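Numbering (this note's numbering), first residue to last: 478 to 591. Using N, Cα and C, we set each Cβ at its ideal position, and we do this for glycine too. These figures come from a predicted structure and were not determined experimentally. Reviewing the structure listed below.
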Amino acid sequence: MSVNVAIIYYSQRTNYQLSRWAEEPLKEAGHEAKVVRTQELAPAEAIAQNPAWGQYLEETKDVPVASPDDLDWADAFIFSTPTRFGNVPGQVKQFLDQMMFKYFLIRSENSIHW
Numbered sequence: 478m479s480v481n482v483a484i485i486y487y488s489q490r491t492n493y494q495l496s497r498w499a500e501e502p503l504k505e506a507g508h509e510a511k512v513v514r515t516q517e518l519a520p521a522e523a524i525a526q527n528p529a530w531g532q533y534l535e536e537t538k539d540v541p542v543a544s545p546d547d548l549d550w551a552d553a554f555i556f557s558t559p560t561r562f563g564n565v566p567g568q569v570k571q572f573l574d575q576m577m578f579k580y581f582l583i584r585s586e587n588s589i590h591w
């Protein structure tokens, strides 16, 4: 049985490559996998202060931004993200907050609410 796996990442540098490494064996095993990213929230001024970050964003600009459709498509999720002082970055938190609300709102339209 084939499984659809959404690999959702945020990174300033290396988590994109980690996501691709997760994608390869899934596809080799006959599963569907796609890599999508969370939206970058950092201001342009902050990115400009770190040339490697800016270069990385340019190199990965064609990676699609994760959407509710990705959640609907996937049977499983893999998250690839750095930590910020023991927590997920704001970009990932915003994704989870927004997408989960949209996802559960869509999923609960025809549900009975107690």
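Three-state secondary structure (DSSP) at residue i?
| i | result |
| --- | --- |
| Ala553 | strand |
| Lys579 | helix |
| Arg561 | strand |
| Ala593 | Since the first residue shown for the chain is 478 and the last is 591, residue 593 is missing from the structure and cannot be characterised. |
| Val540 | coil |
| Tyr487 | coil |
| Val480 | coil |
| Asn527 | coil |
Starting from the Cα of residue i, find the closest Cα among the options and give me that residue.
| i | options | result |
| --- | --- | --- |
| Lys538 | Glu509, Thr558, Gln489 | Gln489 |
| Val480 | Leu503, Pro528, Phe556 | Leu503 |
| Thr491 | Gln571, His508, Thr560, Gly567 | Thr560 |
| Leu548 | Glu535, Leu573, Gln526 | Leu573 |
So residue i packs on residue j, CB below 8 Å; how close in whole Å?
| i | j | result |
| --- | --- | --- |
| Glu500 | Ala510 | 5 Å |
| Tyr533 | Arg514 | Not confirmed; about 11 Å, so no contact. |
| Val482 | Ala551 | 6 Å |
Which residues in the same chain as residue i place their Cβ atom closer than 6 Å to its Cβ, once the five residues preceding and following it in sequence are excluded?
| i | result |
| --- | --- |
| Glu505 | none |
| Lys579 | Pro545 |
| Val565 | Thr558 |
Got a sec? Which residues, its chain only, sit under 8 Å from residue i by beta carbon, not counting five neighbours each side?
| i | result |
| --- | --- |
| Arg497 | Val512 |
| Ile555 | Val482, Ala483, Ile484, Ile485, Ser496, Ala499 |
Enumerate in chain order the residues of its own chain whose CB-to-CB distance from residue i is below 7 Å, with the five nearest sequence positions on each side excluded.
| i | result |
| --- | --- |
| Gly567 | Leu518 |
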